[in-house]
Structures are given as C-alpha cells and as structure tokens.
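In the working numbering, the protein residues as written are 8 to 153.
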C-alpha cells in the first residue's frame, strides 16, 4: 500500500546553482550526495521535511519550456506556514516572484516562482477554510481511533 511521497527527481543544468536555489532560497537542507563508480556526481539529495526529499540529477542540457497544453507534470507545490512572510524572505534574498500571492479557488493562498531551470513551483499556505484543510480534517476524522 502506498503511504506517501518520498521524493521527486529533477534533472538540472547547473548543479551548484540548483543546490543554492533549493537550499538558500527555499530553505531545504542538503542531505547527501551519491556518486557513480568513476567518482562523478550521480544525485544530490535535499531534505524537504519529515520523510521527503528532492533528488537533483546533473546533466540537463536543454532549458525546460512550459507548454500549458502538454501532457505530463504541470508544476510542483510546497506548503508554507505563512505565504506573506515567505514571499518577503524570498525577495530579501534577491530572488524574483513569478506570480504574486492570490487566493486560489480552493481557498488557499498561493504564489509562484521558477527554479533556475524554469520549472514552475507553487508555494501554498493552507487556510483553515480551504478545501484542502477541510478534506484533510475529514480524512483524519474518518481514520481516527474511536
């Protein structure tokens, strides 16, 4: 049975630039690096939270091009505890915000940034009345020990 998401992988063009973005701008922590038998870098693991990681793979050649009608992954979303404070922290580090904070149709606060390879990243604050918060509450109640 599936119990959660452990990681997702991103192929990057410039490893150190991407590690800097995910650690300095987003606050992830570099957990470890895996090397190939010849000593070359294979993967950098970044810790997000609890049991979740991002895998960064070197060797990306072509810049990512977002195509709204393409099939496949559209974006990745990270939860933040305070959208307004997070925007200010990112801006204070000199990193641009792609789309400013707005309240989404689900009732969450959300804003968007692009990583160094132009992958779309949504940052979302779950508000108590959001559809996600209500769904999580209902799921917790469903499985609560009685």
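For each residue, glycine too, the CB sits at the ideal point set by N, CA and C.
Quick caveat: nothing in here was measured; it's all calculated off a predicted structure.
Residues that DSSP places opposite residue i in a beta bridge
i, result
"residue 61", "15 and 53"
"residue 69", "Residue 69 is not bridged to any residue."
"residue 128", "83 and 120"
"residue 48", "42"
Close Cβ partners of residue i (< 6 Å) along its chain, the five nearest in sequence each way excluded
i, result
"residue 82", "127 and 129"
"residue 25", "19, 63 and 123"
"residue 36", "54"
"residue 117", "111, 129 and 131"
"residue 137", "113, 114 and 115"
Three-way DSSP call (helix, strand, coil) for residue i in this model
i, result
"residue 39", "strand"
"residue 74", "coil"
"residue 98", "helix"
"residue 32", "helix"
Beta-carbon contacts of residue i that lie in its chain and below 7 Å, excluding the five residues immediately before and after
i, result
"residue 139", "113, 115 and 133"
"residue 16", "62 and 64"
"residue 98", "104"
Residue i - containing alpha helix (DSSP H), residue span
i, result
"residue 8", "Per DSSP, residue 8 belongs to no alpha helix (DSSP H) and is neither H nor E."
"residue 116", "First-last for residue 116: 116-121, but that is the beta strand (DSSP E), not the alpha helix (DSSP H)."
"residue 141", "138-150"
"residue 23", "22-27"
Residue interval of the beta strand (DSSP E) (run including residue i)
i, result
"residue 85", "83-86"
"residue 108", "106-110"
Contacting residues, own chain, Cβ-Cβ under 8 Å from residue i (five flanking each side not counted)
i, result
"residue 60", "13, 14, 38, 52, 53 and 54"
"residue 43", "49"
"residue 22", "48, 51, 63 and 65"
"residue 68", "20"
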